[in-house]
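Report on one structure; see the data block that follows.
In the working numbering, the protein residues as written are 949 to 1132.
In structure tokens:
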């Protein structure tokens, strides 16, 4: 999973790149909401609520609701302006982004020193590992990620346990995921 430092390096790169706001939002939907590639590509403006996203017709034609941190919702709204429909458009703002758009974004990130391993699905892994590491429960994670069983989630339990041992500075999710966690 990605560390806080990894994310800071990637954010700095994205912020200073062409299409910065669009790419920042795409990156953080993977990282901070645990979305799949097709879910980001197909996201529509009517699916964005105050603190939730409704993911429609995802894997196996299922729909689900996920939490969205305020910073990310505000960034998406800023990117959209008054536009409605498909959220993410190509550089000419005429067509929706494609899988190739996402692949190119991550190919550029992989060119950064030490970021060769970064890909869209790694951000989903980081989301799940961070969620468990910082106090989330398996059932809510299963729902947020759209899994039908706990089998695949067991991998994230092991990653969170490894993080506990080595303490590499795992990226921390927004507090919206931990409403019931007490502040120190």
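By construction, the Cβ of each residue, glycine as well, lies at the ideal position given by its N, Cα and C atoms. Remember, predicted model here, so these are calculated numbers, not experimental data.
Can you give me the C-alpha to C-alpha distance between residue i and residue j, rounded to a whole angstrom?
{"i": "residue 1119", "j": "residue 949", "result": "8 Å"}
{"i": "residue 986", "j": "residue 1074", "result": "18 Å"}
{"i": "residue 972", "j": "residue 966", "result": "11 Å"}
{"i": "residue 1114", "j": "residue 1097", "result": "28 Å"}
{"i": "residue 1029", "j": "residue 1023", "result": "10 Å"}
{"i": "residue 957", "j": "residue 970", "result": "17 Å"}
{"i": "residue 976", "j": "residue 1121", "result": "10 Å"}
{"i": "residue 1071", "j": "residue 1101", "result": "15 Å"}
{"i": "residue 1011", "j": "residue 1064", "result": "32 Å"}
{"i": "residue 1089", "j": "residue 960", "result": "29 Å"}
{"i": "residue 1058", "j": "residue 1095", "result": "28 Å"}
{"i": "residue 964", "j": "residue 1052", "result": "16 Å"}
Alpha helix (DSSP H) containing residue i: first to last residue?
{"i": "residue 1102", "result": "1102-1114"}
{"i": "residue 1125", "result": "Per DSSP, residue 1125 belongs to no alpha helix (DSSP H) and is neither H nor E."}
{"i": "residue 976", "result": "968-981"}
{"i": "residue 1054", "result": "1047-1058"}
List the DSSP bridge partners of residue i.
{"i": "residue 958", "result": "Beta-bridge pairing links residue 958 to no other residue."}
{"i": "residue 1034", "result": "992"}
{"i": "residue 1044", "result": "1037"}
{"i": "residue 951", "result": "1118"}
Decide if residue i is buried, meaning its Cβ has at least 16 other Cβ atoms within 10 Å, or exposed.
{"i": "residue 1081", "result": "buried"}
{"i": "residue 1132", "result": "In this prediction, residue 1132 has a pLDDT of 43, which is less than 50 and means its spatial position is unreliable; nothing more can be read from the coordinates."}
{"i": "residue 990", "result": "buried"}
{"i": "residue 953", "result": "exposed"}
{"i": "residue 1019", "result": "exposed"}
{"i": "residue 1116", "result": "exposed"}
{"i": "residue 980", "result": "buried"}
{"i": "residue 1032", "result": "exposed"}
{"i": "residue 1068", "result": "buried"}
Is the beta carbon of residue i within less than 8 Å of some heavy atom of the ligand MG?
{"i": "residue 1006", "result": "By its list of ligands, the structure shown contains no ligand whatsoever, and the ligand MG lies outside what it can speak to."}
At 4 residues or longer, and completely inside the stretch 983-1031: list those alpha helix (DSSP H) runs for me, N to C.
985-989, 1018-1028
Entirely enclosed alpha helix (DSSP H) segments - the stretch 1067-1091, minimum 4 residues:
1068-1081
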